[in-house]
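Those protein sequences? They're chains A and B, same order as listed.
Each residue of the first sequence is one higher than the one before, starting from 2 at the first, in my numbering.
Each residue of the second sequence is one higher than the one before, starting from 2 at the first, in my numbering.
Glycine included, each C-beta is placed from N, C-alpha and C at the ideal position.
Number of protein chains: 2
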Amino acid sequence: METLLVYPNPPLPALAKLLDHLGYPWRALQTPDRAFTDEPDDGWSGAIVYHDGSSDASFTFCRAIRKTEQKIAPLLLITERDLVRQLDLREDLFDDFLIAPLEVNELEVRLKHLLWRTGRGIQAELIEHGALLMNLETYQAAIAGRPLDLTFMEYELLKFLASHPGKVFSRETLLSRVWGYEYYGGARTVDVHIRRLRAKLGEQHEYLIQTVRSVGYRFGQNRWGS
Amino acid sequence: METLLVYPNPPLPALAKLLDHLGYPWRALQTPDRAFTDEPDDGWSGAIVYHDGSSDASFTFCRAIRKTEQKIAPLLLITERDLVRQLDLREDLFDDFLIAPLEVNELEVRLKHLLWRTGRGIQAELIEHGALLMNLETYQAAIAGRPLDLTFMEYELLKFLASHPGKVFSRETLLSRVWGYEYYGGARTVDVHIRRLRAKLGEQHEYLIQTVRSVGYRFGQNRWGS
DNA sequence: TCGGGTAGTTTACATAGCATTCACAACGTG
DNA sequence: CACGTTGTGAATGCTATGTAAACTACCCGA
């Protein structure tokens, strides 16, 4: 049976105990790059990531393991206190979540369901919006058929904006959701990246990213409804 | 926003109450075939199915709606007692599950995640009043279908007025609630912004903002007619 | 019905604040 | 060291906003 990846290392004692009790083989890691170096022969079946609410490290971890070749699916363990506030706009980072404290039956069923679902590769991996096409698997983007040569941050920023078309995001929100840290000082950073994106989109399509003065930026056409 | 399908009919009172509280439109059905006949114009966004443990009717229901053209995704509501025993080997019947009794935060996040995963988007916060439509997520406004190009303060002011239709606000109140600082001197500021708003609404609709002499301003119809 | 006073509207304008742009420093990588 | 990526600070240009002042509408008493 394939191994479960557990974060962080050392893991929550309660979690370790329950996994042993349920008979799931697991291995705890502290950094995402260990997912390669310490990968078991038969690969990872999924991941359980504990979010302790005081930092974004767990989100960074999720983001990293979803980008790997095999797209490890994270089950996020989180306290109810952090639930609504911290998961908002982060739907893409986890496949399922559990509310701490752990309950053995729920853990068992959620794990089973997660492994069953990933066994058939159910994932959204294309973003298509107007002339823009992003392939999240291959990390490629194209506008009106012409390939875009984007850097890492440019890609992440465009991906985030384009997966919430129409919605306006403040610089602070973008910094925390795309860059993943709390903002100290550099709101200009966002502007500059927006500028570089617009430049690469070309005059034809730069209108896809709109400025909403004294609020933030928005991707896409004027859309009503969603 | 698209409608949630709820089973059974009548639904659990607690569920109905929470859905209303969260602002999700829903419709309860008793049989799967009603999913076609009673389908809303814009389709179903997903389903919440209550499993009461004494029969398999809920599973039958899930199976049926997953086979439909649009593959409605069921969120199963189940008691912990039935969890392990009854869900075993039925992974294919549901997309996610919730353990009764319901907890509002968890319901909210699971619904959001379900709708995100199936690509049904998130509900937009809208203000709709007569010919006026404001989308608070996208910072857009339209009057009688025609987009309004509002500046930040204009938007904020109109948003405040339109979210309390009929109510009269003094200039002082508007300054402190919309501008957010304690008023020093400039009550004319409000007048000027009202004026610019009326100009952008156009002759057709400027009556939406009414002056109440020596009191303040009001949005929308006087509830006594004129 | 007239006139004076008060309250609201409209115009015009100066400027603070915001977005954009540029240039460069810091950093990691081959 | 050369190169590409990313973050930051400063200069620039623009426009949204607040304020003053002129103008108009309304109310009320004589």
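Classify A:ASN136 as helix, strand or coil using the three-state DSSP reduction. In the first sequence, residue 136 of chain A corresponds to position 135, counting from 1. Looking at A:ASN136 - three-state DSSP - the assignment turns out to be strand.
Legend entry - Identified DSSP bridge partners for A:ARG147: In the first sequence, counting from the first residue as 1, residue 147 of chain A sits at position 146. BP columns for A:ARG147 point to A:ILE144.
Q.
Just verifying my parser: in three-state terms, what is the DSSP assignment at A:SER227?
A. In the first sequence, the residue the question calls residue 227 of chain A occupies position 226. Note on A:SER227: pLDDT 31, under 50, position unreliable in the model; no value is reported.
query: By the criterion of Cβ-Cβ separation under 8 Å, what are the contact partners of A:VAL110 in chain B?
result: Here residue 110 of chain A refers to the residue found at position 109 when the first sequence is read from its first residue. Per Cβ cutoff of 8 Å: LEU84, VAL85, LEU88 and PHE98.
Between B:ASN106 and chain A, is the shortest Cβ-Cβ distance under 8 Å, so that the two count as touching?
Taking the first residue of the second sequence as 1, we reach residue 106 of chain B at position 105. For B:ASN106, the answer is yes, since a Cβ of chain A falls inside 8 Å of its Cβ.
Original post:
Among A:LEU5, A:GLN211, A:THR32 and A:ARG196, which one has its Cα closest to the Cα of A:GLY24?
Top reply: Counting from 1 along the first sequence, the entry for residue 24 of chain A is found at position 23. Measuring from the Cα of A:GLY24, the nearest candidate turns out to be A:LEU5.
Practice problem: Check the C-beta distance from B:ILE74 over to B:GLY47 and give it rounded, since I have them as a contact under 8 Å. | Solution: Counting from 1 along the second sequence, the entry for residue 74 of chain B is found at position 73. Counting from 1 along the second sequence, the entry for residue 47 of chain B is found at position 46. Reading off the sequence, residue 74 of chain B comes out as Ala, not Ile. Contact between B:ALA74 and B:GLY47 holds, since their C-beta atoms are separated by about 5 Å, short of 8 Å.
### Message
Assuming contact is defined by CB atoms lying nearer than 8 Å, are A:PRO41 and A:MET2 in contact in what I supplied?
### Response
By one-based count along the first sequence, residue 41 of chain A stands at place 40. By one-based count along the first sequence, residue 2 of chain A stands at place 1. Their beta carbons are not under 8 Å apart, which means A:PRO41 does not touch A:MET2 by this criterion.
Query - Of the listed residues A:GLU126, A:LEU108 and A:ALA142, nearest to A:TYR156 (C-alpha basis) - result: Looking up residue 156 of chain A in the first sequence gives position 155. Answer by Cα proximity: A:ALA142.
Problem set entry | Contact list for B:LYS113 against chain A, beta-carbon separation under 9 Å | In the second sequence, counting from the first residue as 1, residue 113 of chain B sits at position 112. Chain-order list of chain A residues neighbouring B:LYS113: LEU88, ASP89 and GLU92, by C-beta distance under 9 Å.
Does the beta carbon of B:TRP117 sit closer than 8 Å to a beta carbon anywhere in chain A? As a working note, residue 117 of chain B is residue 116 in the second sequence. Answer yes: the Cβ-Cβ gap between B:TRP117 and chain A drops below 8 Å somewhere.
Determine the contact status of B:HIS1 and B:MET154, defining contact as a CB-CB distance below 8 Å.
-> Here chain B has residues from 2 to 227 only, and residue 1 of chain B is not among them.
Open item on the list: Strictly below 9 Å CB to CB, what residues from chain A border B:PHE153?
Closed with: What you label residue 153 of chain B is simply residue 152 of the second sequence in a count that begins at 1. Those within 9 Å of B:PHE153 in chain A are VAL213, ARG214, SER215 and VAL216.
Under a CB-based cut-off of 8 Å, is A:VAL169 close to chain B? Position 168 of the first sequence holds residue 169 of chain A. In terms of beta-carbon proximity, A:VAL169 lines the interface with chain B, with at least one pair separated by less than 8 Å.
*asked:* Could you tell me the alpha carbon to alpha carbon distance between B:GLY174 and A:GLN31, rounded to whole angstroms?
replied: Indexing the second sequence from 1 puts residue 174 of chain B at position 173. Indexing the first sequence from 1 puts residue 31 of chain A at position 30. For the sequence presented, residue 174 of chain B should be read as Thr rather than Gly. Whole-angstrom Cα-Cα distance: 53 Å.
Q) How close, in whole Å, do the beta carbons of B:PHE220 and B:LEU202 come, if the pair is a contact with beta carbons under 8 Å? A) The count along the second sequence starts at 1 and reaches residue 220 of chain B at position 219. The count along the second sequence starts at 1 and reaches residue 202 of chain B at position 201. Going by Cβ atoms, the distance from B:PHE220 to B:LEU202 rounds to 11 Å, so no, they are not a contact pair.
**OP:** Indicate whether at least one CB of chain A lies closer than 8 Å to the CB of B:THR139.
**Re:** Within the second sequence, numbered from 1, the residue matching residue 139 of chain B stands at position 138. By this cut-off, B:THR139 is an interface position.
| query | What residues from chain B crowd round A:ARG219, counting only those whose CB sits closer than 8 Å? | reply | Start at 1 with the first residue of the first sequence, and residue 219 of chain A comes out as number 218. Correct list: THR139 and TYR140.
### Query
Can you tell which of A:ARG86, A:LYS72, A:VAL85 and A:PRO102 has the C-alpha that lies nearest to the C-alpha of A:ASP96?
Translated into the one-based positions of the first sequence, residue 96 of chain A becomes position 95. When C-alpha distances from A:ASP96 are compared across A:ARG86, A:LYS72, A:VAL85 and A:PRO102, the shortest belongs to A:LYS72.
Chain-ordered neighbours of A:GLU81 on chain B, where CB pairs are closer than 7 Å = In the first sequence, counting from the first residue as 1, residue 81 of chain A sits at position 80. Within 7 Å of the CB of A:GLU81, the CB atoms of chain B belong to ASN106, in sequence order along the chain.
*asked:* Would B:LEU78 and B:LEU20 be called neighbours here (beta carbons separated by less than 8 Å)?
replied: On the second sequence, position 77 is the one that residue 78 of chain B refers to. On the second sequence, position 19 is the one that residue 20 of chain B refers to. Contact annotation: B:LEU78 and B:LEU20 have beta-carbon atoms that are not nearer than 8 Å.
_Nearest-angstrom Cβ-Cβ length linking B:GLY217 and B:SER171, presumed shorter than 8 Å_ = In the second sequence, counting from the first residue as 1, residue 217 of chain B sits at position 216. In the second sequence, counting from the first residue as 1, residue 171 of chain B sits at position 170. Here B:GLY217 really is in contact with B:SER171; their C-beta atoms are around 4 Å apart, less than 8 Å.
Tell me which same chain residues have a C-beta within less than 7 Å of the C-beta of B:THR69, skipping the five on either side of it?
Locating residue 69 of chain B in the second sequence gives position 68, counting from the first residue. For B:THR69, the CB contacts under 7 Å within the same chain, skipping 5 residues up- and downstream, are ALA36 in chain order.
> What are the start and end residues of the beta strand (DSSP E) that includes A:ILE210?
Replying inline: Here residue 210 of chain A refers to the residue found at position 209 of the first sequence. Going by DSSP, A:ILE210 is part of the beta strand (DSSP E) stretching over 210-213.
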